[in-house]
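Only one structure is covered here, and it is reproduced in the block below.
Protein chains: 2
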Amino acid sequence: MTETRTIAFVLYPGLTALDFVGPLQVISALKEFGLGFEAVTVAAAREPLQTDTSLSVTASHTFEQVPAPYGLIVPGGGVPTFTALADEQLTDYVRQAARSAEVVASVCTGSLILGSAGLLEGREATTHWAAMPILRAFGATPVSRRWVVDGRVLTAAGVAAGIDMALHLAGELVGEDAARMIQATIEYDPQPPFGPIDWDRVDRGFMESWIRSAAEKGLADHPELLARLAMADGAQSMSP
Amino acid sequence: MTETRTIAFVLYPGLTALDFVGPLQVISALKEFGLGFEAVTVAAAREPLQTDTSLSVTASHTFEQVPAPYGLIVPGGGVPTFTALADEQLTDYVRQAARSAEVVASVCTGSLILGSAGLLEGREATTHWAAMPILRAFGATPVSRRWVVDGRVLTAAGVAAGIDMALHLAGELVGEDAARMIQATIEYDPQPPFGPIDWDRVDRGFMESWIRSAAEKGLADHPELLARLAMADGAQSMSP
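Protein sequence lines correspond, in order, to chains A and B.
Numbering that gives the first Met the number 0 numbers the first residue of the first sequence as 0 and each following residue consecutively.
Numbering that gives the first Met the number 0 numbers the first residue of the second sequence as 0 and each following residue consecutively.
Okay, structure coming up:
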């Protein structure tokens, strides 16, 4: 009988709820089906944390309780995720837990936290479409894909992309048949009412300036880190 | 200046996290974009509730604080959702809040809670694919679609279908352009790694017996309600 392997979802104040709940639902099913993995949620303390919605969430474990998980998944968000880039307790945990992890993953701007922890140097990675250029600040090469695999580092695009990435990861961990069973269980058979995103109709400037503003607000007390992000972006704009 | 209209997500112990976090993320964006709606989460008390994952969640409001929302969205789950069918405090709230609501919605087996509150009588509705026949116990006609609209009652299929339903609802509330903007913001551009669900490969019997067992466990103390569900299902099986 092999030991249950733990995949830890890293929570912090203000994060985007769907960033982690999508993949958490997928990975949690591995335990339900008795497939040798368990999903836990970890945070600095086991106290309710406000998300970017009206929901507060409480982690199942503290960072101290899960020092060396098999896998680590870091979700993203807006202003609070930029603040988190300068949160040493958080980035120290991510760096330390990643040391022995077989899988180090992120969703959306969670990849910037991986970057801030020094884990993206020289790697291909992705993030929310409007934040792509910022990855360069951490030595990463931005790649526009739904999810990007570079060795043991797995990064997903924005928010909902975490579900696709988690199903890919489940397929890697326990095989395609089991991953398909999970997909059927959560009835992930997407039918977006207006079809796939029509990128020609997306107001990229709006979202890119929103991200820029989020970086400025979130790192108002850390001008050096903010300058590092802005430099990665070129002097004028964060647009690719 | 019109008043902000409230859409309430109903929480209860043991529910499926993605059932409500998917649509919550979509509907919460309406406020962020200043579109006249706010999403709140409601529960019997503002205390952490365990979900079906390692995550605990705390609602932003109690039932008493949101007696007459503009919209109501009820998520589903497994064993605890069947238990919830017999939870009078919950079903009373749903019935009362639905009275004046313009939109009454559910995700996954949340439609069974709508049914238990008497809100599906004579209506078309959907639910998780493995629970479809149970809808008949509440006088509803099961329809296999991603989401089903019958007057002001909107029901979504299993778990992840809540995201599609919420984008449809956003389109109805604030127009297609805004709904598309939300879709781009949460980067809901699905690319399931193994493609859409291949229904020919799904082990329907496994999931249907799982649901049957969940009903039996969840309603062990309520044999009359359990019998009502089983009768809807025919003597032998819950299969359609």
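Backbone N, C-alpha and C fix where the C-beta goes; we use that ideal spot for every residue, glycine too.
Next item on the list: Could you tell me whether any Cβ in chain A is nearer than 8 Å to the Cβ of residue 99 of chain B?
Entry: Numbered from 1 along the second sequence, position 100 holds the residue referred to as residue 99 of chain B. When Cβ-Cβ separations below 8 Å define contact, residue 99 of chain B makes no contact with chain A.
Next item on the list: Taking residue 193 of chain A as the query, report the chain B residues whose CB atoms sit under 8 Å from its CB, ordered along the chain.
Entry: Stepping through the first sequence from its first residue, residue 193 of chain A is reached at position 194. The answer, in chain order, is 166, 170, 175, 178, 179, 182.
Notebook entry, point to check: Name the chain A residues that come within less than 7 Å of residue 157 of chain B, Cβ to Cβ?
Noted result: Here the question's residue 157 of chain B lines up with position 158 in the second sequence. For residue 157 of chain B, the residues of chain A that pass the 7 Å Cβ criterion are 185, 186, in the order they occur in the chain.
Notebook entry, point to check: Are the CB atoms of residue 157 of chain A and residue 128 of chain A nearer to each other than 8 Å?
Noted result: As a working mapping, residue 157 of chain A is identified with position 158 in the first sequence. As a working mapping, residue 128 of chain A is identified with position 129 in the first sequence. The answer is yes: Cβ separation under 8 Å.
Check: Of all Cβ atoms in chain A, is any one closer than 8 Å to the Cβ of residue 201 of chain B?
Finding: As a working note, residue 201 of chain B is residue 202 in the second sequence. With 8 Å as the cut-off, residue 201 of chain B counts as an interface residue toward chain A.
Notebook entry, point to check: Can the beta-carbon of residue 54 of chain A be found less than 8 Å from the beta-carbon of residue 23 of chain B?
Noted result: For the purposes of this step, residue 54 of chain A is identified with residue 55 of the first sequence, where counting begins at 1. For the purposes of this step, residue 23 of chain B is identified with residue 24 of the second sequence, where counting begins at 1. A distance below 8 Å separates the beta carbons of residue 54 of chain A and residue 23 of chain B.
Check: If you draw a straight line from the alpha carbon of residue 12 of chain A to that of residue 84 of chain A, how long is it in whole angstroms?
Finding: For the purposes of this step, residue 12 of chain A is taken as residue 13 along the first sequence, with counting starting at 1. For the purposes of this step, residue 84 of chain A is taken as residue 85 along the first sequence, with counting starting at 1. Cα atoms of residue 12 of chain A and residue 84 of chain A: separation of roughly 12 Å, rounded to the nearest angstrom.
Check: Is residue 204 of chain A buried or exposed, if buried means 16 or more other CB atoms sit within 10 Å of its CB?
Finding: In the first sequence, residue 204 of chain A corresponds to position 205, counting from 1. Result: exposed.
Note to self: Please state whether the Cβ-Cβ distance between residue 240 of chain B and residue 181 of chain B is less than 8 Å.
What the structure shows: This structure cannot settle anything about residue 240 of chain B, because the visible part of chain B is limited to 0 through 239.
Check: Taking Cβ to Cβ, would you say residue 108 of chain B is nearer than 8 Å to residue 76 of chain B?
Finding: Taking the first residue of the second sequence as position 1, residue 108 of chain B is located at position 109. Taking the first residue of the second sequence as position 1, residue 76 of chain B is located at position 77. Yes, Cβ-Cβ distance for residue 108 of chain B and residue 76 of chain B is below 8 Å.
Check: What residue ranges within the region 33-78 of chain A form continuous beta strand (DSSP E) runs of no fewer than 3 residues, ordered along the chain?
Finding: Those beta strand (DSSP E) runs which fall completely within the region 33-78 of chain A and span 3+ residues are 36-42, 55-57, 70-73.
Next item on the list: Identify every residue that forms a DSSP beta bridge with residue 9 of chain A.
Entry: The count along the first sequence starts at 1 and reaches residue 9 of chain A at position 10. Looking at the DSSP assignment, residue 9 of chain A forms a beta bridge with A:41.
Item checked: Straight-line gap, residue 193 of chain A to residue 95 of chain A (C-alpha atoms, nearest Å) -> Translated into the one-based positions of the first sequence, residue 193 of chain A becomes position 194. Translated into the one-based positions of the first sequence, residue 95 of chain A becomes position 96. In a straight line, the C-alpha of residue 193 of chain A is about 43 Å away from that of residue 95 of chain A.
Next item on the list: Measuring alpha carbon to alpha carbon, tell me which of A:101, A:111, A:99 ends up nearest residue 89 of chain A.
Entry: The residue labelled residue 89 of chain A in the question sits at position 90 within the first sequence. Cα-wise, what sits closest to residue 89 of chain A is A:111.
Check: Going by the CB atoms, is the gap between residue 68 of chain A and residue 116 of chain A shorter than 8 Å?
Finding: Indexing the first sequence from 1 puts residue 116 of chain A at position 117. Indexing the first sequence from 1 puts residue 68 of chain A at position 69. Not in contact: residue 116 of chain A and residue 68 of chain A (Cβ atoms no closer than 8 Å).
Check: Using the beta-carbon count (16 or more within 10 Å), is residue 219 of chain A buried or exposed?
Finding: The residue you call residue 219 of chain A lines up with position 220 of the first sequence. With fewer than 16 other Cβ atoms within 10 Å, it is exposed.
Next item on the list: Taking only the alpha-carbon atoms, compute the straight-line gap between residue 227 of chain A and residue 211 of chain B and give it to the nearest angstrom.
Entry: The residue labelled residue 227 of chain A in the question sits at position 228 within the first sequence. The residue labelled residue 211 of chain B in the question sits at position 212 within the second sequence. When only Cα atoms are considered, residue 227 of chain A and residue 211 of chain B end up about 56 Å apart.
Item checked: CB of residue 186 of chain B within 8 Å of CB of residue 159 of chain A, strictly -> Indexing the second sequence from 1 puts residue 186 of chain B at position 187. Indexing the first sequence from 1 puts residue 159 of chain A at position 160. For the pair residue 186 of chain B and residue 159 of chain A, the CB atoms are nearer than the 8 Å cut-off.
Check: CA-CA distance, residue 65 of chain B and residue 47 of chain B?
Finding: Within the second sequence, the letter at position 66 stands for residue 65 of chain B. Within the second sequence, the letter at position 48 stands for residue 47 of chain B. Approximately 18 Å, taken between the alpha carbons.
Item checked: Cross-chain neighbours of residue 190 of chain B in chain A, by beta carbon under 7 Å -> Here residue 190 of chain B refers to the residue found at position 191 when the second sequence is read from its first residue. Correct list: 145, 163.
Next item on the list: Using only alpha-carbon positions, find the residue among B:132, B:141, B:103 that is nearest to residue 121 of chain B.
Entry: In the second sequence, residue 121 of chain B corresponds to position 122, counting from 1. It is B:141 whose Cα lies nearest to the Cα of residue 121 of chain B.
Note to self: So, with DSSP's three-state summary, where would you put residue 145 of chain B?
What the structure shows: Against the second sequence, residue 145 of chain B aligns to sequence position 146. In the structure shown, residue 145 of chain B falls within a coil segment according to DSSP collapsed to helix, strand and coil.
Margin query: With a threshold of 8 Å between beta carbons, is residue 16 of chain A in contact with chain B?
Written below: Here residue 16 of chain A corresponds to residue number 17 of the first sequence, with the count starting at 1. Under the Cβ criterion of 8 Å, residue 16 of chain A is counted among the residues facing chain B.
Next item on the list: Please report the residue range of the alpha helix (DSSP H) in which residue 244 of chain B lies.
Entry: What is shown of chain B runs 0 to 239, which leaves residue 244 of chain B out entirely.
Next item on the list: Starting from the Cα of residue 74 of chain B, find the closest Cα among B:52, B:155, B:172 and give me that residue.
Entry: Reading the second sequence from its first residue, position 75 is the one you call residue 74 of chain B. Comparing Cα-Cα distances from residue 74 of chain B to each of B:52, B:155, B:172, the minimum goes to B:155.
Notebook entry, point to check: What is the DSSP secondary structure of residue 118 of chain A, reduced to helix, strand or coil?
Noted result: Reading the first sequence from its first residue, position 119 is the one you call residue 118 of chain A. Coil, per DSSP.
Item checked: C-alpha gap between residue 207 of chain A and residue 201 of chain B, whole angstroms -> Your numbering for residue 207 of chain A matches position 208 in the first sequence. Your numbering for residue 201 of chain B matches position 202 in the second sequence. Near 41 Å, if we compare the C-alpha coordinates of residue 201 of chain B and residue 207 of chain A.
Next item on the list: Might you give, ordered along the chain, the residues of its own chain that have their beta carbon closer than 6 Å to the beta carbon of residue 60 of chain B, omitting 5 neighbours on each side?
Entry: The residue labelled residue 60 of chain B in the question sits at position 61 within the second sequence. These residues qualify, in order along the chain: 39, 41.
Note to self: Short of 8 Å in beta carbon distance, which residues of its chain neighbour residue 151 of chain B, apart from the five on each side in sequence? Order them along the chain.
What the structure shows: What you label residue 151 of chain B is simply residue 152 of the second sequence in a count that begins at 1. Correct list, in chain order: 100, 101, 102, 103.
Next item on the list: Determine the DSSP secondary structure at residue 123 of chain A, reduced to helix, strand or coil.
Entry: Translated into positions along the first sequence, residue 123 of chain A becomes position 124. Correct three-state label for residue 123 of chain A: strand.
Notebook entry, point to check: Based on the DSSP output, what are the partners of residue 102 of chain B in its beta bridges?
Noted result: Reading the second sequence from its first residue, position 103 is the one you call residue 102 of chain B. Residue 102 of chain B is bridged by DSSP to B:70.
Check: DSSP puts residue 4 of chain A in a beta bridge; with which residues?
Finding: Taking the first residue of the first sequence as position 1, residue 4 of chain A is located at position 5. Paired residues: A:36.
Next item on the list: Kindly indicate which three-state DSSP category residue 14 of chain B falls into: helix, strand or coil?
Entry: Position 15 of the second sequence, counted from the first residue, corresponds to residue 14 of chain B. Reduced to three states, the DSSP call for residue 14 of chain B is coil.
Checklist line | C-alpha gap between residue 217 of chain A and residue 133 of chain A, whole angstroms | finding: Locating residue 217 of chain A in the first sequence gives position 218, where the first residue counts as 1. Locating residue 133 of chain A in the first sequence gives position 134, where the first residue counts as 1. If I take the Cα positions, the gap works out to 14 Å.
Next item on the list: Given a cut-off of 8 Å, decide if residue 145 of chain B and residue 190 of chain A are closer than it, judged by their beta-carbon atoms.
Entry: As a working mapping, residue 190 of chain A is identified with position 191 in the first sequence. As a working mapping, residue 145 of chain B is identified with position 146 in the second sequence. Result yes, Cβ atoms of residue 190 of chain A and residue 145 of chain B sit closer than 8 Å.
Next item on the list: Measuring only between beta-carbons, confirm whether residue 75 of chain B sits less than 8 Å from chain A.
Entry: If you number the second sequence from 1, residue 75 of chain B lands on position 76. For residue 75 of chain B, the closest Cβ of chain A is not nearer than 8 Å.
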